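All residue numbers for the sequence shown refer to the numbering used here, where the first residue is 4 and numbers rise by one.
The beta-carbon is built from N, C-alpha and C at its ideal position, and this holds for glycine as well.
Note that this is a predicted model, so its numbers are computed, not measured.
One structure is given here, and the rest of the page talks about it.
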Amino acid sequence: MKTFTVILLATFCLAIPLHGQVLTGIATRWNDSFSEWIIYTVEEEQDGELRHRWPMQDDWTEWQYRLGESTGTIKLKWRQDLNEWEARGDNQIATARTVWRDNFREWRITDGKHTLTLNSRFGNIWDEWTIRNSSAGQFDMYTSFEGDPRDWVIIDELDESVPLVMKLLMVHVVLFQSTPKQ
C-alpha cells in the first residue's frame with residue numbers, strides 16, 4: 004500500500020507542471036502601456052511575461068516571453084512585413100501568417116505538426132478571437148471588458164500536444180492586432 008501511495012503522489016506531482024501551460028489570461032503590466040504583459044496560467048505561482056525585446060527602442064517587431072522554465076522570442080519573419088511572425092522557444096519554432104495578404108483578421112498558425120486557423124470572431128471588432136474547426140481542441144481570447152484591450156481572458160482547451168510556443172504566438176497575434184502601438 005505504501006508503494007502505491009508513493010507512486011500515486013509522484014504521478015500527481017509530476018503532472019502539475021503540464022497544467023502550468025494552460026493559459027487563463029493576460030493583462031498589461033501598466034495601465035498606460037501595451038509593451039509589457041503579465042501571462043496568467045492555471046497555476047497561480049507560475050505567472051509569466053511577454054514584453055518588447057528592446058524596450059528603449061520602442062521596437063514592436065521583436066518580443067520575448069518567459070513562463071516558468073520556458074523562454075523564447077517572437078519576431079517578424081521579414082522586416083516591414085506584418086503578415087508573418089515567427090516564435091522560437093524550447094527548441095521549437097512556430098509561424099503565424101495571414102491567410103489572405105494584409106487581412107489581419109485571419110491567421111494560420113503552425114509548428115509543422117499542428118495547424119490552427121485563428122480569426123477575429125466579428126470582422127470589424129477586435130475584442131474576441133477564436134480558432135476554428137480544430138481537432139486539437141478549443142482556444143478563445145476575449146477582452147475582460149468590451150472595448151478595453153488591457154485585460155484578456157483566455158480559454159485554453161487545446162490538446163497537451165500543442166506546444167507552448169504556438170499558444171504564445173497566438174496570444175501575441177491577438178494582442179498585436181488588437182491593441183494600440185504606444
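{"Check": "Own chain, CB closer than 6 Å to Arg-111, minus 5 neighbours either side, in chain order", "Outcome": "Arg-100, Val-102, Thr-120"}
{"Check": "For Ala-90 and His-117, believed in contact at Cβ under 8 Å, the rounded distance", "Outcome": "Not a contact, Cβ separation roughly 13 Å."}
{"Check": "Buried versus exposed, by CB contacts within 10 Å (16 or more), Trp-40", "Outcome": "buried"}
{"Check": "Cβ-based burial, Lys-170 [other Cβ within 10 Å; buried from 16]", "Outcome": "buried"}
{"Check": "7 Å CB neighbourhood of Gln-177 in its chain, flanking five on each side removed", "Outcome": "First, the amino acid is wrong: residue 177 is Val here, not Gln. Closer than 7 Å at Cβ, skipping near neighbours: Trp-132, Met-144."}
{"Check": "Buried versus exposed, by CB contacts within 10 Å (16 or more), Gly-24", "Outcome": "The displayed chain sequence assigns Gln, not Gly, to residue 24. By the neighbour-count rule (16 or more Cβ atoms within 10 Å), Gln-24 is buried."}
{"Check": "Distance CB(Ser-73)-CB(Leu-167) smaller than 7 Å", "Outcome": "yes"}
{"Check": "Residue closest to Asp-84, alpha-carbon to alpha-carbon, out of Asp-162, Thr-64, Arg-153", "Outcome": "Thr-64"}
{"Check": "N- and C-terminal bounds of the alpha helix (DSSP H) containing Lys-170", "Outcome": "167-181"}
{"Check": "Residues near Met-173 by beta carbon distance below 6 Å, same chain, minus five either side", "Outcome": "Ile-112, Leu-121"}
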